[in-house]
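S.K.: Position in the sequence shown counted from 1, then plus 9, gives you the working numbering.
From the three backbone atoms N, C-alpha and C, an ideal C-beta is built for every residue, glycine too.
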Amino acid sequence: MRKMEEKYADELVVIGVHSAKFPNEKYADNVLLAAQRYELKHPIVNDAEFEVWRQYACRAWPTLMFVDPEGKVIGKHEGELPYEAFDDLIGRMVTEFDEQGLIDRRDLGLTPEAVEESMLAFPGKVLADGLGNRLFIADTNHNRIVITDLDGQTQAVVGSGAEDFADGDYAGAAFNHPQGMELVGDTLYVADTENHAIRRVNLAVGTVDTIAGTGQQGHDRRASGPGTQIALSSPWDLTHHEGTLYIAMAGIHQLWRLSLADGAVCPHAGTGGENIDNGPLAQATLAQPSGIVVGNDRGGVPILYFADSETSSVRSAGIDPVAGRVATLVGIDLFAFGDRDGVEHNVRLQHPIGIEWHQGELFIADTYNHKIKKVLPITRSVQTVLGSGAMGLHDGAGRLATFSEPSGLSFAVFENGRQPLLYIADTNNHAIRVADFEADEVRTLEITGLS
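Printed below as a string of structure tokens:
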């Protein structure tokens with residue numbers, strides 16, 4: 010849509026109508042934060058009661074309604090529309106209505122609400138390295154990776170900050186809204202979400218290159234081959250197991266895998282359909298998986314766990330590409346959500362995005378409930394451990410602290426018996442929070458040395 014707005018800046022007016030699926034999305038303040046996070050420049054109607062939705066007989070997210078210069082509806086499209094088809098359609102409309110003298114190219118005079126400057130901008134994910142005393146922060150809307158020590162002192166910044174797609178040294182490389190990261194030895198892998206690419210950061214020499222993705226969004230749900238020749242679709246998170254990166258490919262509702270030995274990439278789980286069907290990897294359906302981690306099943310066998318955001322569920326996928334299966338720990342379907350701890354099908358989450366494994370337990374960022382919850386895979390039980398559920402920025406005792414759409418989690422594990430710390434990307438607060446479970450305390454990390 011952004012490319013269309015830029016190309017047809019004088020001819021096309023985009024009006025976003027936000028008809029919320031989740032309760033958290035109905036509040037005007039949250040709609041504004043989402044618009045700022047996605048850097049939207051067009052006006053948005055908060056259709057909290059679905060009035061516009063019903064008037065235009067919408068049935069699916071997204072729905073595109075095409076209205077001519079005289080206010081008449083002339084077309085409708087349900088689902089995403091590839092840029093090429095969209096461009097061709099609008100181009101023909103502009104030509105037709107220009108010939109009729111109907112296009113008014115005067116500026117509408119709309120000015121987006123200013124975003125306050127902050128040290129971080131909507132950080133989406135965080136990765137803690139306890140043994141190396143390093144913290145990697147996906148400073149998502151600043152298009153960079155910030156490296157600090159675990160106390161917040163800046164060590165390096167990876168990326169120029171420009172919204173671009175460029176390899177090179179730290180200062181010359183560029184990202185486009187990066188999200189999840191994974192550390193393998195002295196190499197940091199980054200899900201460069203809006204570049205639809207996987208980037209490799211050589212921490213020893215200070216360089217960035219691309220190992221998968223072309224920079225264009227892919228739509229082929231069966232593509233496989235050399236990583237740099239295959240178009241990906243909004244990779245959101247990464248995890249590693251025995252020489253393979255596993256990718257939460259949110260844009261096409263799948264998990265993919267990338268061999269670090271030969272650079273080959275291919276789908277791992279999911280048909281590409283959006284739903285919550287379990288079964289063999291190739292037959293299962295997922296719904297915008299946005300967090301992924303390696304853990305163990307009840308028999309101690311390594312397995313993938315992922316936050317399946319649009320089904321508000323926590324699910325698992327086997328690592329064996331032939332015998333592996335997808336299963337659901339908690340969650341029911343695309344429209345079952347809420348905020349309820351409990352066991353199995355009694356649990357309700359609301360669009361979880363982050364997931365972490367620690368000592369046999371899963372921790373999830375229950376993003377739209379503004380909480381951190383613990384999941385026990387064996388019993389399929391869920392318990393809130395951090396957050397009151399109110400949206401805010403308040404430190405203190407774990408259950409009294411407040412967050413604003415936390416999206417990333419990572420434990421810093423130490424030697425010498427020191428208790429681990431949980432680092433949290435508190436996205437809408439533009440902050441990194443630190444949870445000390447032994448002290449039952451949440452604090453906000455002070456980042457120093459960063460401009």
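Evaluate contact between the segment 339-346 and the segment 405-414, counting only Cβ atoms and requiring at least three cross-stretch pairs below 8 Å.
M.R.: no
S.K.: Does the Cβ of ALA183 have 16 or more other Cβ atoms within 10 Å, making it buried, or fewer, making it exposed?
M.R.: buried
S.K.: With H, G and I counted as helix, E and B as strand and the rest as coil, what does DSSP make of ASN355?
M.R.: Helix at ASN355.
S.K.: Let's test the definition: count the other Cβ atoms within 10 Å of the Cβ of GLY189 and tell me whether it reaches 16, buried, or not, exposed.
M.R.: buried
S.K.: Suppose you measure from the CA of GLN226 to the CA of GLY260; what does that come to, to the nearest Å?
M.R.: 9 Å
S.K.: Have a look at TRP265 and ARG452 and give me their C-alpha separation to the nearest angstrom.
M.R.: For TRP265 and ARG452, the gap between their C-alpha atoms comes out near 35 Å.
S.K.: Is it true that the segment 429-447 meets the segment 386-402, where meeting means three or more beta-carbon pairs spaced less than 8 Å apart?
M.R.: yes
S.K.: For a minimum of 3 consecutive residues, which ranges assigned as the beta strand (DSSP E) are wholly contained in the segment 113-152?
M.R.: 134-138 and 143-148
S.K.: Please classify PRO386: does DSSP put it in a helix, a strand, or coil?
M.R.: coil
S.K.: When we look at the beta-carbon of LYS30 and count the other beta-carbons within 10 Å, is it buried (16 or more) or exposed?
M.R.: exposed
S.K.: For a quick check, are the C-beta atoms of PHE412 and HIS360 less than 8 Å apart?
M.R.: no
S.K.: Would you tell me roughly how many angstroms separate the C-alpha atoms of GLY340 and GLN162, rounded to the nearest one?
M.R.: 39 Å
S.K.: Measure how close the beta-carbons of LEU212 and ASP195 come, nearest whole angstrom, since I'm counting them as under 8 Å.
M.R.: 5 Å
S.K.: What residue range does the beta strand (DSSP E) around TYR432 cover?
M.R.: 430-435
S.K.: Would you tell me roughly how many angstroms separate the C-alpha atoms of ARG334 and ASN284, rounded to the nearest one?
M.R.: 15 Å
S.K.: I'd like to know whether the C-beta atoms of GLY327 and LEU290 end up nearer to each other than 8 Å.
M.R.: yes
S.K.: Going along the chain, which unbroken runs of the beta strand (DSSP E) with 3 or more residues stay wholly within the segment 225-258?
M.R.: 244-250 and 253-258
S.K.: If you pair each beta-carbon of the segment 31-40 with each one of the segment 115-125, do three or more pairs fall below 8 Å?
M.R.: The segment 31-40, when compared against the segment 115-125, does not touch it at the 8 Å Cβ threshold.
S.K.: Is LYS30 helix, strand or coil by DSSP?
M.R.: coil
S.K.: Have a look at LEU140 and VAL422 and give me their C-alpha separation to the nearest angstrom.
M.R.: 7 Å
S.K.: Tell me, please, whether the segment 297-316 touches the segment 243-257 by the rule of three or more beta-carbon pairs shorter than 8 Å.
M.R.: Yes: the two stretches touch, three or more of their Cβ pairs being nearer than 8 Å.
S.K.: Less than 8 Å between the CB atoms is what I'm expecting for LEU418 and GLU365, so what's the real figure, rounded?
M.R.: 4 Å
S.K.: Looking at C-beta atoms only, is the number of pairs between the segment 150-161 and the segment 107-116 that lie closer than 8 Å three or more?
M.R.: Because the criterion of three Cβ pairs below 8 Å is not met, the segment 150-161 and the segment 107-116 do not touch.
S.K.: Which class does SER460 belong to by DSSP, given the choice of helix, strand or coil?
M.R.: coil
S.K.: How far does the alpha helix (DSSP H) with ALA44 in it reach, from first residue to last?
M.R.: 37-46
S.K.: When the Cα of LEU431 is compared with those of LEU459, ASP107 and ALA374, which residue comes out closest?
M.R.: ALA374
S.K.: In whole angstroms, what is the alpha-carbon distance linking LEU41 and PHE174?
M.R.: 27 Å
S.K.: Going by C-alpha distance, which of THR237, PRO187, ARG143 and GLY401 is nearest ARG46?
M.R.: PRO187
S.K.: Entirely within the segment 63-114 and at least 4 residues each: give me those alpha helix (DSSP H) ranges in chain order.
M.R.: Under the rule that a run must span 4 or more residues, the alpha helix (DSSP H) segments found entirely inside the segment 63-114 read 92-108.
S.K.: If you follow the alpha helix (DSSP H) that MET400 is part of, which residue opens it and which one closes it?
M.R.: Taken as a continuous stretch (DSSP letters only), MET400 belongs to no alpha helix (DSSP H), as it is neither H nor E.
S.K.: Return the CA-CA distance between PRO465 and ARG101, expressed in angstroms with no decimal places.
M.R.: Any property of residue 465 remains undetermined from this structure, which presents the chain solely from 10 to 460.
S.K.: What residue range is occupied by the uninterrupted beta strand (DSSP E) comprising MET190?
M.R.: 190-193
S.K.: Going by DSSP in three states, SER318 sits in which element: helix, strand or coil?
M.R.: In this structure, SER318 counts as helix in the three-state DSSP scheme.
S.K.: For ALA137, count the other beta carbons within 10 Å of its own beta carbon; 16 or more makes it buried, fewer makes it exposed. Which is it?
M.R.: buried
S.K.: Can you look up VAL217 in the DSSP assignment and give me helix, strand or coil?
M.R.: strand
S.K.: Would GLN297 and GLY281 qualify as a contact pair, given that the criterion is a beta-carbon distance under 8 Å?
M.R.: no
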